[in-house]
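So, in structure tokens, the structure goes:
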């Protein structure tokens with residue numbers, strides 16, 4: 161158990177819908193990262209937040225957005241969903257903002273878009 | 002930009018065989034290098050890391066040496082076990098560049114008894 165929690169574990173929805181994925185980092189970690197893992201794209205970095213502020217952006221689509229709240233939990237919002245958005249979404253956390261710090265991964269949310 | 006290339010799988014070995022998973026990288030500066038492991042149904046876990054040239058990371062019998070001259074960080078284990086069956090990801094991170102972790106495509110290892 162990494163100490164990072166993600167909810168829900170599974171999510172099934174239809175195209176065009178909007179969903180919110182939630183992540184709680186390890187106690188004391190200030191930085192949260194979101195990743196998408198799919199069979200064809202592999203593991204892709206989406207976005208990083210550090211202590212409530214956006215720190216780095218990766219291959220995140222404009223239909224996707226994220227935020228980190230004062231209690232440091234984070235949410236990833238996916239809208240206008242397409243079939244290709246079906247993937248595993250991982251959240252990771254680390255103590256500091258630098259991505260070379262060890263990242264602790266949650267168990268992931270499996271999103272299926274029908 | 003920064004990138005990581007690792008050997009394609011899947012790799013299937015017998016128990017107690019020697020394991021090598023190749024990883025090479027491209028970076029503009031001096032990245033930190035990582036190996037993560039993903040067991041079935043779980044998130045990624047850090048296996049080992051190295052932060053500068055010639056550093057050797059090691060954990061659970063796995064080793065990898067940061068080779069700047071060959072831009073490589075190959076993962077090795079002398080004697081694999083069935084419990085090592087997992088997907089292994091090589092990754093790099095360079096804070097001064099773009100501050101995100103770049104992962105390789107992953108190599109699936111299956112160890113048979």
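Residue numbers (the working numbering), protein chains in the order written: chain D, 161 to 274; chain R, 2 to 114. By construction, the Cβ of each residue, glycine as well, lies at the ideal position given by its N, Cα and C atoms. Every value quoted in this text rests on a predicted model; they were computed, and no experiment measured them.
Assign residue 85 of chain R to buried or exposed, taking buried as 16 or more other Cβ atoms, counted over all protein chains shown, within 10 Å of its Cβ. Counting the other CB atoms within 10 Å of its CB gives residue 85 of chain R a total of 16 or more, which places it among the buried residues.
Where does residue 161 of chain D land, buried or exposed, given buried means 16+ other C-beta within 10 angstroms? Exposed: under 16 other Cβ atoms inside 10 Å.
Please confirm whether residue 7 of chain R and residue 79 of chain R have their CB atoms less than 8 Å apart. Not in contact: residue 7 of chain R and residue 79 of chain R (Cβ atoms no closer than 8 Å).
Rounded separation between residue 98 of chain R and residue 53 of chain R - CA only: Low confidence applies here, because residue 98 of chain R scores a pLDDT of 49, under 50, leaving its location unreliable; read the following figure in that light. Rounded to whole angstroms, residue 98 of chain R to residue 53 of chain R spans 16 Å at the Cα level.
Is DSSP giving residue 44 of chain R helix, strand or coil here? It is coil, neither helix nor strand.
Could you check where the beta strand (DSSP E) with residue 226 of chain D kicks off and where it finishes? Residue 226 of chain D: member of the beta strand (DSSP E) spanning 224-228, first to last residue.
Which residues in the same chain as residue 217 of chain D place their Cβ atom closer than 6 Å to its Cβ, once the five residues preceding and following it in sequence are excluded? Around residue 217 of chain D: 207.
Where do the ends of the beta strand (DSSP E) carrying residue 30 of chain R lie? Run containing residue 30 of chain R: none; DSSP gives neither H nor E here.
Do three or more CB pairs link the stretch 8-22 of chain R to the stretch 193-205 of chain D at distances below 8 Å? They do not touch, by the three-pair rule.
Pick from D/251, D/184, D/190, D/220: whose alpha carbon is nearest that of residue 233 of chain D? Comparing Cα positions, the closest option is D/184.
Taking C-beta pairs closer than 7 Å, name the residues in chain D that residue 106 of chain R reaches, listed in chain order. At a C-beta separation below 7 Å, residue 106 of chain R has these neighbours in chain D: 202.
Cross-chain neighbours of residue 267 of chain D in chain R, by beta carbon under 9 Å: Result: 42, 43, 44.
Using only alpha-carbon positions, find the residue among D/243, D/186, D/265 that is nearest to residue 173 of chain D. For the residues D/243, D/186, D/265, the minimum Cα distance to residue 173 of chain D belongs to D/243.
Under 7 Å, CB to CB, which of the residues in the stretch 193-219 of chain D have a partner in chain R? Flagged, chain order: 202, 203, 205, 208, 215, 216, 218.
Beta bridge counterpart(s) of residue 102 of chain R as assigned by DSSP: R/94.
Check for me: the beta strand (DSSP E) holding residue 109 of chain R runs from which residue to which? It spans 108-113 - the beta strand (DSSP E) in which residue 109 of chain R sits, taken as one unbroken run.
Own chain residues within Cβ distance below 6 Å of residue 40 of chain R, not counting five before or after: 87.
Whose Cβ in chain R lies nearer than 9 Å to the Cβ of residue 262 of chain D? Neighbours of residue 262 of chain D on chain R, chain order: 35, 47, 50.
Can you tell me whether DSSP reads residue 266 of chain D as helix, strand or coil? Residue 266 of chain D falls in the coil class under three-state DSSP.
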